[in-house]
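**Student:**
Residue numbers (our numbering): 1 to 445.
1. Anyone know if the C-beta pair for residue 208 and residue 163 falls short of 7 Å?
2. Is residue 449 near residue 426, with beta carbons less than 7 Å apart?
3. So the alpha helix (DSSP H) residue 169 belongs to, where does it begin and stop?
4. Quick check on the DSSP output: the alpha helix (DSSP H) that includes residue 300 runs from which residue to which?
5. Hey, residue 50 and residue 127 are a contact pair by Cβ (cut 8 Å); roughly how many whole angstroms apart?
6. Rounded to the nearest angstrom, what separates residue 95 and residue 63 at their Cα positions?
7. When the Cα atoms are used, what is the spatial distance from residue 180 to residue 417?
8. Name the residue from 412, 327 and 308 whose alpha carbon lies nearest to the alpha carbon of residue 355.
9. Of all the alpha helix (DSSP H) runs that stay within the bounds of the region 90 to 168, which reach a length of 4 or more residues?
10. Kindly indicate which three-state DSSP category residue 333 falls into: helix, strand or coil?
11. Expressed to the nearest angstrom, what Euclidean distance is found between the alpha-carbon atoms of residue 24 and residue 444?
12. At what residues does the alpha helix (DSSP H) containing residue 418 begin and finish?
13. Count the other CB atoms, across all protein chains shown, that sit within 10 Å of the CB of residue 224; report buried if there are 16 or more and exposed otherwise.
14. Secondary structure at residue 235, three-state DSSP: helix, strand or coil?
15. Decide if residue 222 is buried, meaning its Cβ has at least 16 other Cβ atoms within 10 Å, or exposed.
16. Quick test of your reading: residue 69 and residue 152, contact by CB under 8 Å. State the CB separation rounded to the nearest angstrom.
17. The alpha helix (DSSP H) that contains residue 195, what's its start and end?
18. In whole angstroms, what separates the C-alpha of residue 198 from that of residue 57?
19. Between which two residues does the alpha helix (DSSP H) harbouring residue 374 extend?
20. Measuring straight from C-alpha to C-alpha, what distance separates residue 436 and residue 378?
21. At what residue ranges does the region 24 to 68 contain a whole run of the beta strand (DSSP E), taking only runs of 3 or more?
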């Protein structure tokens with residue numbers, strides 16, 4: 001990418017397609033929960049308790065792919081174009097293998113995962129049926145993330161958005177078709193939702209490959225000569241990719257442990273937890289889209305050694321993400337009753353959800369700081385610090401969650417308050433680290 005093109009990168013022009021992509025993905029999740037709720041509270045609660053495990057794929061793989069985005073963006077900014085395609089190819093291999101490995105593990109253990117997570121007996125059958133099919137999703141999803149990172153590095157986030165929109169529309173259509181038995185098919189219920197998801201991600205993989213190789217005109221080199229060039233970029237790529245994946249990987253593992261704790265609080269508490277998570281996706285999507293767009297711009301400027309531009313982009317992302325998170329969660333907390341009634345009419349679920357959303361008014365602005373600061377530090381080569389702090393706090397808060405929710409009998413509200421405290425402290429530490437400006441002497445170029 002020529003330097004003139006780098007100078008024209010704008011936060012909103014990159015962020016809004018990412019936001020649309022995130023929001024439509026969240027709508028698909030809410031649609032899935034709606035279909036599951038038609039099967040009963042237990043099916044919906046099962047999906048909520050499985051989400052931490054599924055996040056290992058759906059959260060960690062995209063974060064791992066940002067290593068390729070940031071590395072390629074820095075090389076673009078430094079005008080070292082000969083290193084860009086080797087980064088792309090290395091990232092495709094890395095994500096493809098990671099996705100395939102997770103698919104294989106899930107399929108081989110679909111009948112044990114619910115037991116490991118301490119699911120109630122009545123939920124285990126739902127979990128086994130769902131995971132046996134969903135296991136095939138992650139190989140496709142890993143490749144889709146790798147190719148999506150190519151478009152992001154080339155500042156073609158609008159094409160990523162288009163691919164996601166097509167995929168999400170197909171996902172909802174296939175889920176409804178298999179769930180209700182349209183077009184003469186036998187209604188498949190829970191299995192239909194899982195099958196629709198697998199087929200839609202296979203479709204997504206094909207679509208984004210075509211965009212990269214035809215529209216973006218990225219050509220891979222399938223010769224022995226490319227191997228030394230790929231080996232040369234593995235270390236700088238992994239310098240960003242490993243810290244980028246370490247924190248979300250540990251976060252998802254922590255959520256699995258926490259899910260086991262929360263499962264003992266009862267179906268109603270878990271259902272409220274599941275439903276409130278669905279409403280967090282808007283503020284998290286805005287924070288993620290601003291952070292992802294900012295990461296692209298910061299990495300380009302870091303490669304060009306325009307350090308003032310890097311800091312200015314970071315500051316703008318932080319302010320916008322925090323402001324939106326506060327306003328959004330305040331609105332949801334005010335309107336909690338009609339929102340929760342979309343999923344459940346149980347008054348106890350509404351009571352729990354109200355207090356969880358009130359806590360979110362404090363938690364989500366600091367989560368926004370954590371997301372933007374964490375991705376910013378990784379973009380400029382200081383990801384090890386953010387990952388170390390993240391892992392330490394992620395596991396350090398688990399015994400406190402147990403004490404609050406079980407030992408001190410504060411239930412789901414006590415556990416949620418612990419999550420909020422974790423986000424506040426981590427966000428402040430990562431922001432402090434950025435403002436020390438030690439990252440000025442880092443980077444991969």
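Every residue gets a Cβ at the ideal spot worked out from N, C-alpha and C, and that includes glycine.
**Tutor:** This is what the structure holds:
1. The answer is yes: Cβ separation under 7 Å.
2. With the chain represented from 1 up to 445, any question about residue 449 goes unanswered, as that position is not in the structure.
3. For residue 169, the uninterrupted alpha helix (DSSP H) run begins and ends at 157 to 180, by DSSP.
4. Looking at the DSSP string, the run of the alpha helix (DSSP H) that includes residue 300 is 267 to 303.
5. 6 Å between Cβ atoms; contact.
6. Linking residue 95 to residue 63 through their CA atoms gives a straight-line distance of about 10 Å.
7. For the pair residue 180 and residue 417, the Cα-to-Cα distance works out to about 39 Å.
8. Nearest of 412, 327 and 308 to residue 355, Cα basis: 412.
9. Segments of the alpha helix (DSSP H) lying fully in the region 90 to 168: 113 to 116, 121 to 134 and 137 to 153.
10. If DSSP states are grouped into helix, strand and coil, residue 333 belongs with the helices.
11. Straight-line Cα distance between these residues: approximately 34 Å.
12. Looking at the DSSP string, the run of the alpha helix (DSSP H) that includes residue 418 is 411 to 435.
13. Of the other Cβ atoms in all chains shown, fewer than 16 fall within 10 Å of the Cβ of residue 224; this residue is therefore exposed.
14. Three-state result, residue 235: helix.
15. By the 10 Å Cβ count, residue 222 comes out exposed.
16. Their Cβ separation, rounded to whole angstroms, is 5 Å, which keeps residue 69 and residue 152 in contact under 8 Å.
17. Per DSSP, residue 195 belongs to the alpha helix (DSSP H) from 190 to 210.
18. Rounded to the nearest whole angstrom, the CA to CA distance from residue 198 to residue 57 is 13 Å.
19. Residue 374 -> alpha helix (DSSP H) spans 347 to 379.
20. Straight-line measurement puts the Cα of residue 378 at about 15 Å from the Cα of residue 436.
21. Complete beta strand (DSSP E) runs here, min 3: none at all.
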